[in-house]
Structure formats: C-alpha cells, structure tokens
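Enquirer: Note that the protein sequences, when read in sequence, are chains A, B, C and D.
Residue 23 in our numbering sits at position 23 of the first sequence, and the numbers go up by one each step.
Our numbering runs 329 ahead of the 1-based position in the second sequence.
Our numbering runs 658 ahead of the 1-based position in the third sequence.
Our numbering runs 987 ahead of the 1-based position in the fourth sequence.
Protein chains: 4
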Amino acid sequence: MEYKSNIKFSTILSSFGNQADRFCQSGYKSSKTIEEMFILAKKVEDLSGLELVGNWHVNEENIDLIKKYKNEYSFEISCIVIDLFTQAKWQKGSFSNKDNNIRKQAIEEVKKYMDIAKILDCSLIDIWLGQDGYDYSFQTDYIKSWNMIIEGISECAGYREDVKIGLEYKIKEPRTHCFISTIGKTLLLIEKINRKNLGVLVDVGHALYSYENMAETVSLCKLFGNKLFHIHLNDNYRLWDDDMMVGSVHIVEYLELMYWLKAINYDGWYSIDIYPFREDGVGATNESIKWIKELQNIISTVDEKEIEEVINSEDSIKSSSLIRKMLFR
Amino acid sequence: MEYKSNIKFSTILSSFGNQADRFCQSGYKSSKTIEEMFILAKKVEDLSGLELVGNWHVNEENIDLIKKYKNEYSFEISCIVIDLFTQAKWQKGSFSNKDNNIRKQAIEEVKKYMDIAKILDCSLIDIWLGQDGYDYSFQTDYIKSWNMIIEGISECAGYREDVKIGLEYKIKEPRTHCFISTIGKTLLLIEKINRKNLGVLVDVGHALYSYENMAETVSLCKLFGNKLFHIHLNDNYRLWDDDMMVGSVHIVEYLELMYWLKAINYDGWYSIDIYPFREDGVGATNESIKWIKELQNIISTVDEKEIEEVINSEDSIKSSSLIRKMLFR
Amino acid sequence: MEYKSNIKFSTILSSFGNQADRFCQSGYKSSKTIEEMFILAKKVEDLSGLELVGNWHVNEENIDLIKKYKNEYSFEISCIVIDLFTQAKWQKGSFSNKDNNIRKQAIEEVKKYMDIAKILDCSLIDIWLGQDGYDYSFQTDYIKSWNMIIEGISECAGYREDVKIGLEYKIKEPRTHCFISTIGKTLLLIEKINRKNLGVLVDVGHALYSYENMAETVSLCKLFGNKLFHIHLNDNYRLWDDDMMVGSVHIVEYLELMYWLKAINYDGWYSIDIYPFREDGVGATNESIKWIKELQNIISTVDEKEIEEVINSEDSIKSSSLIRKMLFR
Amino acid sequence: MEYKSNIKFSTILSSFGNQADRFCQSGYKSSKTIEEMFILAKKVEDLSGLELVGNWHVNEENIDLIKKYKNEYSFEISCIVIDLFTQAKWQKGSFSNKDNNIRKQAIEEVKKYMDIAKILDCSLIDIWLGQDGYDYSFQTDYIKSWNMIIEGISECAGYREDVKIGLEYKIKEPRTHCFISTIGKTLLLIEKINRKNLGVLVDVGHALYSYENMAETVSLCKLFGNKLFHIHLNDNYRLWDDDMMVGSVHIVEYLELMYWLKAINYDGWYSIDIYPFREDGVGATNESIKWIKELQNIISTVDEKEIEEVINSEDSIKSSSLIRKMLFR
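#1: Can you name the residues of chain A whose CB is closer than 9 Å to the CB of G1014/D?
#2: Indicate whether at least one CB of chain A lies closer than 7 Å to the CB of Y475/B.
#3: Express the C-alpha separation of W898/C and R329/A in angstroms, rounding to a whole number.
#4: Beta strand (DSSP E) containing D321/A: first to last residue?
#5: Is the stretch 1003 to 1021 of chain D close to the stretch 1235 to 1251 of chain D, with three or more CB pairs under 8 Å?
#6: Taking the C-alpha atoms as reference points, what is the distance between G459/B and Q683/C?
#7: Per DSSP, S10/A forms a beta bridge with which residues?
#8: Assuming contact is defined by CB atoms lying nearer than 7 Å, are I975/C and T669/C in contact in what I supplied?
#9: Interface residues of chain C around D571/B at Cβ under 8 Å?
#10: In whole angstroms, give me the CA-to-CA distance for I740/C and I494/B.
#11: Report yes or no: is there a C-beta of chain D within less than 7 Å of the C-beta of V858/C?
#12: Taking the beta carbon of I1140/D as the centre, do at least 16 other beta carbons fall within 10 Å, making it buried, or is it exposed?
#13: Could you spell out where the alpha helix (DSSP H) holding I39/A opens and where it closes?
#14: Name the chain D residues whose beta carbon is nearer than 8 Å to that of Q339/A?
#15: Determine whether the Cβ of S403/B lies closer than 7 Å to any Cβ atom of chain D.
#16: Kindly give me the distance between the Cβ atoms of D132/A and I640/B, rounded to whole angstroms, as I take these residues to be in contact under 8 Å.
#17: Would you decide whether Y816/C is buried or exposed? Buried here means 16 or more other CB atoms lie within 10 Å of its CB.
#18: Helix, strand or coil for C550/B? Go by DSSP, reduced to three states.
#19: Of the residues that make up the stretch 1274 to 1295 of chain D, which ones have a beta carbon closer than 8 Å to any beta carbon in chain B?
#20: With a threshold of 8 Å, are at least 3 pairs of Cβ atoms found where one atom belongs to the stretch 1241 to 1249 of chain D and the other to the stretch 955 to 964 of chain C?
#21: Give me the Cβ distance between Y275/A and R238/A, rounded to the nearest whole Å; I'm assuming they're in contact under 8 Å.
#22: Would you mind telling me which residues of chain D sit closer than 7 Å to D799/C, beta carbon to beta carbon, in chain order?
#23: What's the call for L1052/D, buried or exposed, on a 16-neighbour Cβ count within 10 Å?
#24: Please classify S74/A: is it buried, with 16 or more other beta-carbons within 10 angstroms of its beta-carbon, or exposed?
#25: Using a threshold of 7 Å, state whether the C-beta atoms of V44/A and A117/A are closer than that.
#26: Can you name the residues of chain B whose CB is closer than 9 Å to the CB of A1271/D?
#27: Between L47/A and Y266/A, what straight-line distance do the alpha-carbon atoms span, to the nearest angstrom?
#28: Let's test the definition: count the other Cβ atoms within 10 Å of the Cβ of R103/A and tell me whether it reaches 16, buried, or not, exposed.
#29: Grab the span of the beta strand (DSSP E) containing H250/A for me, first residue to last.
#30: Using the C-alpha atoms, what's the distance from N759/C back to N713/C?
#31: I'd like to know if Y3/A contacts chain D, where contact means its C-beta is closer than 7 Å to some C-beta of that chain.
#32: Take W786/C as the anchor and find which of C780/C, D779/C, T840/C has the nearest alpha-carbon.
#33: On the CB-based measure, 16 or more other CB atoms within 10 Å of its CB, does D126/A come out buried or exposed?
#34: Taking DSSP as the reference, what is the three-state secondary structure of K493/B?
#35: Could you spell out the range, first to last residue, of the beta strand (DSSP E) harbouring E734/C?
#36: Please list the terminal residues of the continuous beta strand (DSSP E) segment that includes I785/C.
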C-alpha cells in the first residue's frame, strides 16, 4: 500500500499511559514514566509527532528532559494541550471562573506554555475549555461568562504571535454543557476576537457527537478565514466522546473528511487523539494510522474530477455508487 | 393568577388545521379553511398574533381576504414564514440550490413576501432553510452551498430595510443535515452579512434538540449584536423536533428561559409553534400559553436580586433550592 | 463480483412511489399506480420479493390484480405489513386503543390480512404498532395498554398457525414513545405469549437508533427461541429513523451483522426498507442491494475460523485489523 | 410541607466522598474516611438508609467497623452494590469474562457479599454488570456472553434465597455497549432465570438515557412478575448518565413516576444515587430528597380518581392541565 507521503502523523502521549474512568479510578493498566511513554511511541509506525498535555507530561521543571527525549527519540512536538482541566481548582472554569485569581492563573498558564512550546520548537498550543461551562439551570450568567472567555483568549492570543492557538470545542464532558461547544460558536468567537494566530482545533469526535458532519466542519473553517489549525482524529458512536480508534464506526464520513482536508489544502498534522482504556496503546495508535492511510490512499488515487462531478450532481445514488467503488476497488 | 401583562402571545395558524406525517398522509384530523382556522384561533385566550406560512396560508391571490380576516378577528400578523420547504421544487435546497433558476425563485419568494408582510402590517419574516442541507456523504460542496446562502440572504436583507428577517436554524428535518443548524452557525452568518434587519429567530425546540440550553442561546443573541428578533415556543424530548405543547417536559429550563428573556429585555412576541397531531389545536395552544404565563408569573414576582445572587454564586445546590422555592411557593 | 447466491432480496413496494413528509405533504415525486410500481421494481437487479403495505398496496378489492402482477412480474410477496398506522382512526393506538370497537377492528384487520397473505402465497405478516404508544406524561395507563397488546397479539397468533407474525419494534415515530420499542421488550412479549408462529421482525434502522448493535440484536433473537423471522435493511445516523440506503453510514456494523446472520443460520429474506424521499427508487434499491452483496461477499470469502479467533480474543485491535483486512483486500 | 411519611430515603455513601473523572483523576474534592462519610450522611434530613459499594466501602476486613458505624449513626444498609467494576481485572467483563478464573471470582464476589449483606441486616444486593459488554464490532460472541451471564446470575440467585438480587441495567459506560442495557432485556433475563429472589433495580437515570419513560419502566416491572426490587433516583439530560440531583430537569416525568410507584404499591427504598462532582454531598442529597418530598406530597394530596380519569381519557390536553394544576396549586 502506498499513500500520500507528505502526511505527518502525531498522537497524544497519554495513549501510552494508563487510562482511568470514574468507576475504575486506578486505571485499567499500569502507570508509565514519561520516558516509557516515549519508548512506546517509538514503536508506532510512521509516527513523527507527539502532543503533550501540560502538567501531565510537561512543565517548567522537566522541560529539559522532555527536550532530551524529543531529540533522542526524534519526535516533533506537534501541539501542547494547556492544562485547564486536570486540577480541582479549575472545576468551576478557567477563563470564565468568577474568581479573579483563578482566572488570572488560567491566563498565566496559557502564556507560560506558549513560551514552553517555543522552547520545544512547537508552534501550536491547544486551548480546550472543558471545565468552562455549567451543569444545572440558573447556575451561571451566560453573558458574563462568554465575555470573560473572549477577554481571556484575546489576551493570550496577543501575548505572542509566533505561537498559534487552536481553540478546541466540545459540547459536554466534564461539564454537562461547555460554553465553546460547536464549530459555529468557535468560529463566531474567533471572528469576534480576530487575531491571526487564533484558529480552530477540530477534534472530529467532538464534531461527530454534536451531530456535525466532519467534512462540513473543516470546510467551514476554510470558508471563515482559513482557520483550521490542527485536527484530532478518533471515532465514537455519536452520543458521547468515546475516543475510539479511527476506523471503528464512521468509515464513509471519514473518507469524505479525507477528501475535504485535501480539497481545502490542509497541511497540518493528522493527530490521533484516542483513549485506549482497555487496548494496548501502541496497537491502537498503529491501527488508527493504518486506517487513515488506507482512506488517504483511496482519495489520492481516485480521479479528483470524478469525485467533483458526483458531488456537484448532488445525486446521492451517485455518491453511494462512488463510495462503493472507492472502498471495494 | 396575574402575570406580566405586556407579553404578547402569537401562534402559528396551522395549529388549527390538519396535521399529517409520512405514515398518516391524509392527516389525523380534517382539513380547515383559512377562515375556520381564524375562528378557532379566536377561541384561544390572550392570543393577539398569528404567524402565517407562505402559500399554505397567504399568497398574492388571497391577501385581501387575509387582511379582512386579520381585521375582522382582530389579530396582528406577528410573522410570515416564507415557503421554502412545502413544494417539491425546493427538495434540493432553495438559496443553496445548484439550479440557478430555483435559487432565483427562492430569492424572489422572499422579496415577494417581504412586500406582502408590509401590506399586512407585519414587519418580520421568517427564513427557515429546512430543505437546504444534505442527507448523504459526498452529496454536496459545503463551501459552495454556504456561499450561496450568504449571498442569497444578503440580497434579501438588502431588499427592504423596513422588514426584519429572522433566520431560523434547525439541525435536521426534513434533511438529515441542514446547513443553518445551530445558534453558533446562525450568529456567525449574521455577523458575516452584517445587516441591521437580519437577526435570529430562535425556535426553542430546535435549540433543545441541538443540545443547546435555551437561556444560553437567547443570551448569545443579546451578546452578539442584540439579534433576538423572534421566538418560537414548544417542547420536545431533546432528540427530535416533537413540537409538543409548552410545559410538557422542560419546566426548569423554561423557567430559566423566561428569566433570561426578561434579563435581556426581549420585547418581541411569545409565539407558540407546535404540531398538535392528535390534539385539539385550540386546547393545545391554550395550554401552552397558560404554562408560559405561570412561569412568567413566577419570574416576575420573585425578587430579581435573589435570582442574581444565586446565579452569581454558581452553586447548583442554591440553584436547585431556588427553583424548588419558585415552583412550590 | 460473486456472492453467496442463496440470498433472496426483497423490498418494500412503496420505495417506487411518492414520498411525503409533514412539510412537503404532496410528496417529493409524483404518484404511481400499483402496476407502475411493479414495473419499476422489475428494474432492480436481483430482486425477487416485494413487501406490500395493507390498504396502501393491497386490500380485499384488488387482491386478484395483485396476484396477477405478482405472477406477471414474477415476484414473491415476502411480507405484508398490516396497516395499523396509515389511517386517522388508529391515532390513539390499534391493539391498545381504549375504544373496544377500534381494538376489535385492529384484530380483524390482522386476521383479514393473514388470509390475504396466504392467497398471495405469502407466509409472513408484519405487525408494527407504530400508533400504539403515548406522547405526553400522564397520558396512558401503561399496564392496561400492555395487557391489551398482549391479548390482541395472542389472539392474532392463534388465528392461523400457517402464517407467521413478525413483530416489528420501533422506539418512536409516529408517537414520541411506542410501547413495543426495543429488542428486549419484543422478546419479552414473545416469550410471554409463547406461540410458535410469533417472532421478531428486526428493522435494523430501528435497532440502530435505539442504540442497539444490530449483530447483538439478531443474536438475541437466536438465543431466545430462534425468533428472527424477517429483517428490514436500511441505514441512519442513529438518532432518527432516516430510512437511508444501506451502506450510507454503518459499514463496519453492517459487516458484523452479515457475519452474525450467517452464524445464526438466518435463511429468510434480506428485505430493503428505505424511504428514498429525494432519490430515484430503483437506483436507491439497487445501491442498497449492491452494498449488501459486497459485504456478504466479504463474509463468505474470509476464513470463518479467522473471524472466530478474533472474536474470541476479545481484542479490539485484532478486530480493527481484521475489518481493515476484510474491507481493503 | 407534609408528605407521605412511610417513604424511606436512602443514598449511596460515595456521595459524601471525593468524585473523580477521567480528566481530573485526583477528584474535585478531598478524600474522606468511611466514618467521615457516615458523619456527613447523618447531616442529611430524613435519611435512614445507606447503600454501600463493595470494596470501596465494605469488605471482609472492615465489616465489624461498618456494623458499628451503622448502629452508632443509626442507619439501615439499604443495599450493597457488588464491586464488579472498580478493578482492572473486570475490564473485559465479570460474569461474561472469557477467562474462567475471572468469571469464578465474579460469582464468588457476589456470594461473599450476599453473606456480608445478611451480617449487616441488609436483604438486597445490586448486581450491575457495567464492565460486561463490548466497545467495538467483531469484539465479542454475543450468544456466548449472554449465556455466561444467565448462568452466573442463576448460580448467584440460587446461592441463598433470603437475599434479594436487584439486577441494574445500564445502556453504556464504562463500556460503549453493556449487555444488560434496557428494561426489556433485564425483564427478559429475569423471566428466563425465573427465581423468586431475582428482580430489577431501576436506576431512573439509566432509564431516561435509554429513552425510556420512567413510569412505564416501573409499570412493566409490576406487570412482568412484580419485580421492582429497588430504585435509584437521580436526573440527567437524556444522553448520558449525568447523575445529577433529582429535580434538575425532568419534573413532569418524575411527578408521573411518583404516581406510578404509588399505583403499583412499591414499598421499597427511595434511594438517591447521584455523583456530586462539584457539589457538597450533603447539600446535593438534601436537595434531592426535598424535591422527591414535594412531588410525593403533590401525588398524595391530589384526588386519585381525578388523575385516573385524566389518564384514562388519553387526552394530553387534560394531562397538561392536570400537571399545571398539580404543580401550581
């Protein structure tokens, strides 16, 4: 199998660690050191990038060590996910926290990691506001909260322009309702703040369980300012962020996504973001990459004109026939 | 029971007609003439406005008759819903139809009804693009479609500034995916087109089954340009547009909605938009209005400061306690 | 492409007619006569069976004509769907209707069509209780309703043992809640009534949007009395009964379904049950059958032992790898 | 406020501890000792029962201590939840684990806790098979797994008849698909095993997010053998097991549930089962109980005949009117 060779694969480092949930709090596996996780990552074929989560993987203290591992195991750091969600202090929000002190800490955390990113030759951070939201009715002032988020992100984006901020939306979890929940709201916010280094980080699983079509989602990023900065790949059953391996459920929509990523000239990372609770992390990442390559391979070998013609016909029988032909060559 | 007397209730005229679905195509009731529907509407307590659907209820031919009924039965026309969805010709979209001819017809239809609205002393039309979307993968060019919608709505908004356009979003049905699907996308589009007479028509049922919180949704309309032009009220089980009577399921969230409509100084219609398939239309509308009044009554009698304090505490136990107190006085 | 030749394909006749929904009540196409629909059905490759809906397609009056068409166009009648849902009189239920008179009519309707089935050399009827349910809280006495359904179905099953009854469950639509809603409830009812000629008609789309796994569903039919009598094939996005073409979304789960249908020795019809609102009926049925053949073809050529080994390992990385291998041979 | 005094309230002990999720693994609060949790439980008004989770709260070692606390703080133990889900060893199932050794351990675990229950004067255990299910396609042999579950539960039920087993179903989490997922499947299994001491433990949140109506669910338990053994009370947004305070969302359906629990003569515990991640456990439990009392109070003071008449009319306008009247007296 050949494939479009210029695609760069990345994954989140935590896939090689231990996964816990609220019922099995000690996790389904055993804990790993950072270096053990780098060693496991090395076993994945065609993986050249790693995403790190702030505090979980990288912090001010261990930055030299991370730099060493990164070089020693020859990985690029594709993205740093800012920790605004793993500590109890963020439980009522980070940027939208009504406690000024916490809110300032959140902004400082982002700035600190923008600097750390540069040290690690990484030019992208991920702001995911998972704890910023609400669970119950009459629990928050929506306007105040949104204004705080706008303000906070503006300040971060203005901090240094050489680091890009990918804003990652998610409709729920850990809050029952997150503020930055859909592609529409995310692009609206970005349009409002209007900073060159501020764009979207699309986690396709989050798109799927907001009933978005992944291909439309990335197309809208293109249309509204060429704002697709990064992409997280995984799969789910559309009702929850199951964070399953790529290829588990949505083959057809994934195939369409591959086509549109190409059509909009996306040239960023293809970054796996899964939660292999009961699976071997290396195996699960390998599988995810293999599925993407298969689908990529199809898209890069089928005549583009033919696909365009089918799309422009808006005839779903032709679409079905094309997909069959592409899958079962 | 007393209630905030300045609220104006409206309903969609079709509630008094016959409701059909794909299984019982002849409908669960018998057909009614337009006048019969006006007469039934008159039986609803405290109803002062009617929404009409283009072609179903009003058209170039019967406009004088409608004007006569409107005066005779003393109703205001709160809104005209443009028919871009009841005819087979719209099946692959109106504004985003790839057939130039159909697309032009869609724009002409809107303009025509903007004129008709003025004749009926109505200053608001509803553009709901229910047929503009897609059902299958590889069935549409998202960027092309969105551009066509932006263009079409721009042209309509520019046609005459004395008629307001409420853009009504809906996540699906009749298409499995509609383009204008969530509050985020709607506000993004409105921000992009940037016309004073273009705003949002929030159907709260559509909000609910996109997993939006209704109160947050209307608050965002306020925040992003004071754009809440009109509101459709109904209820559902959050997975489909069941168009049930107000008060059927989401009492708590409705109560919160009432608070926020007041807080953002919404002064438009409270317009019932239900589908009483198996219910008497007069009774179902009456019930819906009575529920709203009860909830309004609570909000207008509880001390505003107390509600604000609870909200600002972000303590959901206080929220729960407040809601209990409000409901079970 | 070769495929397991003993599979018999059937489809519902209405796919060749006009499809309407609540917004476009006159339908997206033009009406067809019964014979026109038979002629269109004839254009579908490898189609040997037709499902008829009572009253819509067949009734006491036109039975000779139907018999003539059936022979002339050489189709078998795979199943007759009893009309307990297309007329306003069923709006508050058929078997569970609190009006004795309507309830008796429902039972008579079934018996009449059991006789008609035999005349058409068809040994299976479909009882789908789409109107038996409720929409609101405090709207029905659940125990009374369930008892009536048990009684009614018992009586029908006892009427003549040479006609099988496939009980088709569906979680909602047209009611917001149907009584016979999931595979569990259906098998429970069947266990309770305990009649040899009473079994399950699994509409896989209904299974999907009840969050069932189709393969588990048919396996349970096997386990609890070998009760899979018939199967309706279509696809959807898991939140509504979209009745799309097979192959639109759930390729992986469909592949697994094909494996389990073989494993449990299902030897009934593979019956397409789609709603091609905006699609050519012949084309949409053709596509559905072609997808099934492709998937069947895979299952019948892969080494059964290999699949069993993967399944028994319960290692989802092996599952993923197997599926990749099967799809991208 | 007065209320039906014979209702006994219980809650799960973990509500007074620390709640963690996959993102904030150290939890949103601080850890508590067992005694600290008993002391907190004592602060809840009208609470007389506690549910314990095996291993988390009670085990062979600390049983005397638990007995001491129970007496000292005068609580009854309403139920013991068997730990078949908190340890990594159960990750691929307990009763349906393909490793004989693990499967035996699961059965032994249940028996052990049946004995422990009796020591604590508790006559009910909860078997919740949260880890028994599957995440991916081609990952399990459904028939084999179900047979193992049937066998295992049979053996446990036969172990000692003086301890009742409440089988608790849940559609997903921690697996993406659990075997014992809906009320239908649960009753089917119970019917099949047919043991006097085997019944259903309905967690109403699990019912809600399987799109069940809670009132219908408990009614079916009555109808199929009077099998409602215990009930877990909480609330959610119908798409996930949010485990929120009672009264947060589904007031109307909860009111109906209270009516039907009375109608079917349910005389067991009203047991709160919430996850107050960010809430004070005492406050959240107090609120839940207060909501139930309010709703109970309504049901016990409204004329039963009137409710029956409305239900028997099957007229949802009357239902709506009744609910309004009950809530806003």
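Backbone N, C-alpha and C define an ideal beta-carbon position, used for all residues, glycine too.
Expert: Taking the coordinates as given:
#1: Start at 1 with the first residue of the fourth sequence, and residue 1014/D comes out as number 27. Within chain A, the residues near G1014/D are Q25, A88.
#2: Along the second sequence, read from residue 1 onward, the residue named residue 475/B stands at position 146. In the sequence on display, residue 475/B carries Trp and not Tyr. So yes, W475/B belongs to the interface.
#3: Here residue 329/A is taken as the residue at index 329 of the first sequence, counted from 1. Here residue 898/C is taken as the residue at index 240 of the third sequence, counted from 1. If you take the alpha carbons of R329/A and W898/C, they lie about 31 Å apart.
#4: As a first step, residue 321/A must be located in the first sequence, where it is residue number 321. The amino acid at residue 321/A is misidentified as Asp; the sequence shows Ser. No beta strand (DSSP E) holds S321/A; the alpha helix (DSSP H) holding it covers 316 to 327.
#5: no
#6: Counting from 1 along the second sequence, the entry for residue 459/B is found at position 130. Counting from 1 along the third sequence, the entry for residue 683/C is found at position 25. Rounded to the nearest angstrom, the two C-alpha atoms are 14 Å apart.
#7: Along the first sequence, one-based indexing puts residue 10/A at 10. DSSP lists G49/A, S271/A as partners of S10/A.
#8: Along the third sequence, one-based indexing puts residue 975/C at 317. Along the third sequence, one-based indexing puts residue 669/C at 11. No, these two residues do not count as a Cβ contact at 7 Å.
#9: The residue given as residue 571/B occupies position 242 in the second sequence. In chain order: D793, T834.
#10: Within the third sequence, the letter at position 82 stands for residue 740/C. Within the second sequence, the letter at position 165 stands for residue 494/B. If I take the Cα positions, the gap works out to 46 Å.
#11: Position 200 of the third sequence, counting from 1, holds the residue named residue 858/C. No, its Cβ sits nowhere closer than 7 Å to a Cβ of chain D.
#12: Here residue 1140/D is taken as the residue at index 153 of the fourth sequence, counted from 1. Buried.
#13: As a first step, residue 39/A is located in the first sequence; it is residue number 39 there, counting from the start. I39/A -> alpha helix (DSSP H) spans 34 to 42.
#14: Summary: the structure shown does not reach residue 339/A, with chain A confined to residues 1 through 329, and so no result is reported for it.
#15: The residue labelled residue 403/B in the question sits at position 74 within the second sequence. Not closer than 7 Å to any Cβ of chain D, the Cβ of S403/B fails to qualify, so no.
#16: As a working mapping, residue 132/A is identified with position 132 in the first sequence. As a working mapping, residue 640/B is identified with position 311 in the second sequence. At roughly 16 Å, the Cβ-Cβ gap does not stay under 8 Å, so D132/A and I640/B are not in contact.
#17: The sequence position of residue 816/C within the third sequence is 158, counting from 1. Correcting the residue type first, residue 816/C is Gly in the shown sequence and not Tyr. When all chains shown are included, G816/C counts as exposed.
#18: By 1-based counting over the second sequence, the position of residue 550/B is 221. Helix.
#19: E1274, K1277, W1278, E1281
#20: no
#21: For the purposes of this step, residue 275/A is identified with residue 275 of the first sequence, where counting begins at 1. For the purposes of this step, residue 238/A is identified with residue 238 of the first sequence, where counting begins at 1. The Cβ separation is near 16 Å, so there is no contact.
#22: On the third sequence, residue 799/C is found 141 positions in, with the first residue counted as 1. Going along chain D in sequence order, the residues near D799/C (Cβ under 7 Å) are I1298, N1299.
#23: Against the fourth sequence, residue 1052/D aligns to sequence position 65. Burial call: exposed.
#24: Locating residue 74/A in the first sequence gives position 74, where the first residue counts as 1. S74/A comes out exposed.
#25: Within the first sequence, numbered from 1, the residue matching residue 44/A stands at position 44. Within the first sequence, numbered from 1, the residue matching residue 117/A stands at position 117. No, Cβ-Cβ distance for V44/A and A117/A is not below 7 Å.
#26: To locate residue 1271/D, count along the fourth sequence from 1; it is residue 284. Those within 9 Å of A1271/D in chain B are S645, I646, S649.
#27: Numbered from 1 along the first sequence, position 47 holds the residue referred to as residue 47/A. Numbered from 1 along the first sequence, position 266 holds the residue referred to as residue 266/A. Computed Cα separation, rounded: 18 Å.
#28: Here residue 103/A refers to the residue found at position 103 when the first sequence is read from its first residue. Buried is the call here.
#29: The sequence position of residue 250/A within the first sequence is 250, counting from 1. Segment: none, H250/A is in no beta strand (DSSP E) and carries neither H nor E.
#30: Translated into positions along the third sequence, residue 713/C becomes position 55. Translated into positions along the third sequence, residue 759/C becomes position 101. Distance between the alpha carbons of N713/C and N759/C is about 19 Å.
#31: Within the first sequence, the letter at position 3 stands for residue 3/A. Any reading at Y3/A must be qualified, since the residue scores a pLDDT of 44, below 50, and its modelled position is unreliable; the value itself is stated next. Not an interface residue.
#32: Against the third sequence, residue 786/C aligns to sequence position 128. Checked all of C780/C, D779/C, T840/C; the closest Cα to W786/C is T840/C.
#33: Position 126 of the first sequence, counted from the start, is the residue given in the question as residue 126/A. The residue is buried, with at least 16 neighbouring Cβ atoms inside 10 Å.
#34: Position 164 of the second sequence, counting from 1, holds the residue named residue 493/B. Here K493/B sits in strand by DSSP.
#35: If you number the third sequence from 1, residue 734/C lands on position 76. Note, E734/C: beta strand (DSSP E), 734 to 739.
#36: Walking along the third sequence from the start, residue 785/C turns up at place 127. Looking at the DSSP string, the run of the beta strand (DSSP E) that includes I785/C is 782 to 786.
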